[in-house]
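*Asks:* The opening position of the sequence shown corresponds to residue 0 in our numbering, with each subsequent residue numbered one higher.
Cβ coordinates follow ideal geometry from the N, Cα and C atoms, glycine included.
Keep in mind it's a predicted model, so treat the numbers as computed, not measured.
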Amino acid sequence: MARARPALEAFFACIYFAAMRPSEVRHLRVQDCVLPESGWGTLLLAGSTQEAGRGWTDSGEGNEDRALKHRAMRQVRPVPATPELVAILRRHVDAFPPGTGGRLFVTRTGRAGVPLVAPYSKPISMGIVYRTWSAARREALTETEAASPLARRPYDLRHAAVSLWLNAGVPATQVAEWAGHSVNVLLRAYASCVAGQEDLAMSRIESILRQ
0 MARARPALEA
10 FFACIYFAAM
20 RPSEVRHLRV
30 QDCVLPESGW
40 GTLLLAGSTQ
50 EAGRGWTDSG
60 EGNEDRALKH
70 RAMRQVRPVP
80 ATPELVAILR
90 RHVDAFPPGT
100 GGRLFVTRTG
110 RAGVPLVAPY
120 SKPISMGIVY
130 RTWSAARREA
140 LTETEAASPL
150 ARRPYDLRHA
160 AVSLWLNAGV
170 PATQVAEWAG
180 HSVNVLLRAY
190 ASCVAGQEDL
200 AMSRIESILR
210 Q
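#1: For Leu43, which option in Arg70, Pro96, Val78, Lys68 has the closest C-alpha, if you only look at C-alpha atoms?
#2: Between which two residues does the alpha helix (DSSP H) carrying Glu138 extend?
#3: Could you give the C-beta distance for Val174 and Val161, rounded to a whole number, given that I count them as a contact under 8 Å?
#4: Give the secondary structure of Gly109 by DSSP, where H, G and I count as helix, E and B as strand, and everything else as coil.
#5: Just reading off the alpha helix (DSSP H) that Ser162 is part of, what are its end residues?
#6: In the structure shown, what three-state DSSP assignment does Val75 receive?
#7: If I measure Cβ to Cβ from Arg76 and keep anything under 6 Å in the same chain, skipping five residues before and after, which residues do I get?
#8: If distances are taken between C-alpha atoms only, which option among Arg209, Phe16, Leu186, Phe11 comes closest to Glu83?
#9: Find the nearest neighbour of Leu34 within the set Tyr129, Ile87, Met72, judged by alpha-carbon distance.
#10: Whole angstroms is fine: what's the gap from Ala51's alpha carbon to Glu176's?
#11: Please classify Gly98: does DSSP put it in a helix, a strand, or coil?
#12: Quick check on the burial criterion: 16 or more other C-beta atoms within 10 angstroms. Buried or exposed for Ile204?
#13: How many angstroms separate the CA atom of Thr108 from the CA atom of Ser206?
#14: If you follow the beta strand (DSSP E) that Leu43 is in, where does it begin and where does it stop?
#15: May I have the straight-line CA-CA distance separating Leu27 from Gly46, to the nearest angstrom?
#16: Please confirm if the stretch 152-170 is in contact with the stretch 6-25, defined as three or more CB-CB distances below 8 Å between the two stretches.
#17: Using only the alpha-carbon positions, how far apart do Glu144 and Arg137 sit?
#18: For Met0, does the three-state DSSP call read helix, strand or coil?
#19: Spatial neighbours of Gly100 within its chain, please: C-beta separation below 7 Å, excluding the five flanking residues on both sides.
#20: Counting along the chain, where does the beta strand (DSSP E) carrying Thr48 start and finish?
#21: Roughly how many whole angstroms lie between the Cα atoms of Cys32 and Arg70?
#22: Provide the residue span of the beta strand (DSSP E) that contains Arg65, from first to last.
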């Protein structure tokens, strides 16, 4: 994936490690990221950048910045950034200077891969994201796996992140807050992720009672 389009490695990492929606990643700016030299960081998600036809946006542009889903304008959703994600984002910022307004993921090449001249102001095209993801799947998976629904869309990385958090024992209320869901929607969509955890739950209860 990094070989095909290295500027998108961090894009996909944000979805997998922080359960961000692709539109939230497209909106991410360097000033939204707390990236210490080591350990956990924080991403302060402040909006989303939607891609639509010019006739469907208020500005008449192909992209439109909006509030976070289910949030009021200017409301921020803090999300923890794992040490792995912090390292990836720090490398990204060093290798790919942010675009206008500090936006991290912008269009840097034009037609036929010709490099564009800075400053970069246009958010990365979702078409480029999808094509890069498709190429990465073909490279990483077997022919049978690639033909299956496995990780069909970049958005599936978000499902994997939320599932990982739930299976790690993070309370559903906390997972819902980080992912930008209501608890009801979270449990309805990811009920299968927490099923079959009875033995683990009972062992935790026993441990607390012994104390």
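*Replies:* According to the structure data:
#1: Val78
#2: 125-139
#3: Confirmed, about 6 Å.
#4: coil
#5: 155-166
#6: coil
#7: Closer than 6 Å at Cβ, skipping near neighbours: Leu44, Leu67, Gly179.
#8: Phe16
#9: Ile87
#10: Taking the straight line from one Cα to the other gives about 27 Å.
#11: coil
#12: exposed
#13: 56 Å
#14: Start and end: 40-44.
#15: 8 Å
#16: yes
#17: 9 Å
#18: Confidence at Met0 is low in this model, with a pLDDT of 47, below 50, so the placement of that residue should be treated as unreliable; the coordinate-derived value is given next. Here Met0 sits in coil by DSSP.
#19: Once the five neighbours on either side are set aside, the close Cβ partners of Gly100 are Arg28.
#20: Note, Thr48: beta strand (DSSP E), 47-50.
#21: 19 Å
#22: 62-65
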